[in-house]
Each structure stands twice: as structure tokens, then as C-alpha cells.
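First comes the structure, then the notes that go with it.
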Amino acid sequence: MEEQEKRVDEVNQSEVEVMLEPLNYGSNHDEESRIKSPGFGYGLFFSSLILLFLASFTIDFIVDALVGEGNEVTAFAYKNFGTYVVTFSLITVFLFLTKTLLPLVKKFTKIRPYIHGLFYGFIVIIISVITTLLMQILFGQAEENLNQQIINLILSKHPVSSFFWIVLLGPLVEELTYRVGLFNAISSRNRIAAYVVSALVFGFLHFNIPLNADGAIDQAKLIEEFINIPSYIVSGLVFGYIYEKEGFAGSSVAHITNNLISYILSIISIYASK
Numbered sequence: 074m075e076e077q078e079k080r081v082d083e084v085n086q087s088e089v090e091v092m093l094e095p096l097n098y099g100s101n102h103d104e105e106s107r108i109k110s111p112g113f114g115y116g117l118f119f120s121s122l123i124l125l126f127l128a129s130f131t132i133d134f135i136v137d138a139l140v141g142e143g144n145e146v147t148a149f150a151y152k153n154f155g156t157y158v159v160t161f162s163l164i165t166v167f168l169f170l171t172k173t174l175l176p177l178v179k180k181f182t183k184i185r186p187y188i189h190g191l192f193y194g195f196i197v198i199i200i201s202v203i204t205t206l207l208m209q210i211l212f213g214q215a216e217e218n219l220n221q222q223i224i225n226l227i228l229s230k231h232p233v234s235s236f237f238w239i240v241l242l243g244p245l246v247e248e249l250t251y252r253v254g255l256f257n258a259i260s261s262r263n264r265i266a267a268y269v270v271s272a273l274v275f276g277f278l279h280f281n282i283p284l285n286a287d288g289a290i291d292q293a294k295l296i297e298e299f300i301n302i303p304s305y306i307v308s309g310l311v312f313g314y315i316y317e318k319e320g321f322a323g324s325s326v327a328h329i330t331n332n333l334i335s336y337i338l339s340i341i342s343i344y345a346s347k
């Protein structure tokens, strides 16, 4: 009799487990569907850009009032740090309200994104260097673009605070904006277009129009900007591939690895030249 009751309990327990499996799958499936939906992708992309603009405008006003004129490097450092902290915080709120924050955070609980992300991070560096060398062979030697020059200038004065927005917050904000946002939104209709558009947008947002002391466009430096921009676009293509293969966690780890290596090399170069 006891054995019969035990078997009944085991059968009932197994039935419950079988019934729960589709429910768990459905929950995960719904979460992924929400993240992959075009509406969420476009919403995240445009919201991130608007939040970045508003945060930048607000932080610029506050820093200018506190720091004042004559200390541009410190002002740049505070502006970038504050802008990325505020933008990342507001994007996090957006993800929480759209019920996508937890699913995205869960992606960092597995070991695979870290292993593959580290590997892909080095690949991005190698491909970027090769692209830059090819452009310089074709169009002549060029200095670093204005974006990188500004970063190096900030690094020389504020290496610690720069670490947080260059290595950590910057990559996370960009992966959420251009991969989880823009790439996802477009790829639901056209996968190739998703690669091209997200890479171009990513690349040209690292592009600057250099001005001389008179406020006119510096033609020589503008050419350098165009010589350097393909490496950013190619990096955008590679990050898109990593995101498609490894998800948000994998592309984020790769992007952080890429920026970390660049950060370390820049620090070494700056302090070695002193």
C-alpha cells in the first residue's frame, strides 16, 4: 500500500514538472520576443539618443557653471563622465518600465558570453588595426581622429574617472542603443540592412567635423577623419555579428574588452612619452 502511494506521488510530481516546463519556456520566449520586437528596438534606439542629448545638454550647462572657463580638459572629463552616468541610469529605467531589464541582465549569468566576448574583443582590435593600416596605405598616413585625440587628452589628466565611461558605461550604452535597439529593430525586416545601417550610424557618431581657430572647417583634419572612420564602421559590423551570434552579453563583453585594451595602450603611450 505504501509503495502504491509512493508511486502515485512520483507520477503526480512528474506530471506537475511536465506541466511547468511549457510555462517556463513560454515566459522566456515572451521575454525574447519583446526584446526582438521592432517596436521595442526603435523605442530603445530613439529614446537612448534623446536621453543622451538631454543628458549631455544638462551636464554641459552644470559643468560650465561649476568649472568655468580656462579648464577645458577637466570640463570635458566631467561632461563625458556625467553624461554617460545619467544616460545609462535613464536607459536602465526605460528597460525596467518595458520589463526587459531582467532578461538582459540574466544574459550575464552564463560563462559563455565572457569567454566568447573576450575572444571577439581581441578580434575587433585586430580587424580595426588592419582596416586603419589599409586606409593609410591607400590614402597616406593620418593622425588619430579628433574623437581619439580628445579622449587621449582627457586620459592624460583624468585616467581614473575616464575608465568608468570609456571602458564600462560607454560600451554598455552603445550596445543597448545600436545593437539591442537599432540592429534588432531593422533585422526583423532585413538582416543585411541591419548590419549596414547600425554600423554606419555607429561609425559616424564617432566622426567629428574639425574646425580651425577661425571657426572654418579644417580641410586637412577633415580628410584624416574620413581616413579613420572606416575602422569604426568595420568595428560596428563586427559588433553586429557578435550580437547576432552571442547576444547582448557577448557583444558587451567584446566591446568592453576592445575599449579596455585601447584604454591600457593609450595610458602606456601617454605616460611613456612623459
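Following our numbering, the residues of the sequence shown are numbered contiguously, the last one being 347. Backbone N, C-alpha and C define an ideal beta-carbon position, used for all residues, glycine too.
Segment contact, 8 Å Cβ cut-off, at least three pairs: the stretch 200-207 with the stretch 314-328:
no
Based on DSSP bridge pairs, tell me the residues matched to Ile123.
In the DSSP output, where bridge partners are listed per residue, Ile123 has none listed.
Going straight from the alpha carbon of Thr165 to that of Leu117, what length do you get?
11 Å
Tell whether a beta-carbon distance below 9 Å holds between Ser121 and Thr250.
yes
Of the residues Pro176, Arg107, Gly114, Trp238, which one's Cα is nearest the Cα of Tyr151?
Trp238
Got a sec? Which residues, its chain only, sit under 8 Å from Val246 by beta carbon, not counting five neighbours each side?
Ser121, Leu125, Tyr157, Thr160, Phe161, Ile164
If you reduce the DSSP assignment to three classes, tell me which class Ile108 lands in.
helix
Could you work out which residue in Asn153, Asn225, Val140 is closest to Leu127 when comparing CA atoms only?
Asn153
Based on DSSP bridge pairs, tell me the residues matched to Ile282.
DSSP output for Ile282 lists no bridge partner at all.
If we ignore side chains and look at the alpha-carbon of each, how far apart do Glu317 and Arg107 end up?
16 Å
Which residue's Cα is closest to the Cα of Glu298: Ile200, Ala289, His279?
His279
Just list the residues that DSSP pairs Ile302 with in beta bridges.
Answer is none; Ile302 lacks a bridge partner.
Is there contact between the stretch 326-340 and the stretch 183-199, where contact requires at least three CB pairs shorter than 8 Å?
yes
Length of the line joining the Cα atoms of Gly99 and Glu105:
In this predicted model, Gly99 has a pLDDT of only 45, less than 50, meaning its place in the structure is not dependable; the value taken from the coordinates is given anyway. Distance between the alpha carbons of Gly99 and Glu105 is about 10 Å.
Among the residues of its own chain, which have a CB less than 8 Å from the CB of Ile340, if the five just before and after it don't count?
Leu228, Pro232
Look up Ile329 in the DSSP assignment and say whether it is helix, strand or coil.
helix
CA-to-CA distance, Leu174 to Asp133, given in whole angstroms:
28 Å
Can you tell me whether DSSP reads Ile132 as helix, strand or coil?
helix
Quick check on the DSSP output: the alpha helix (DSSP H) that includes Tyr157 runs from which residue to which?
145-170
Drop a sphere of 10 angstroms on the beta-carbon of Phe256, count the other beta-carbons inside from all chains shown, and report buried for 16 or more, exposed for fewer.
buried
Report the option in Ile315, Tyr336, Ala345, Ile265 whose CA atom is closest to the CA atom of Ile188.
Ile315
Figure out for me which residue from Phe312, Gly213, Leu226, Val140 has the closest Cα to the Cα of Ala293.
Gly213
Exposed or buried, Pro244, counting other C-beta atoms within 10 Å across all chains shown (16 or more means buried)?
buried
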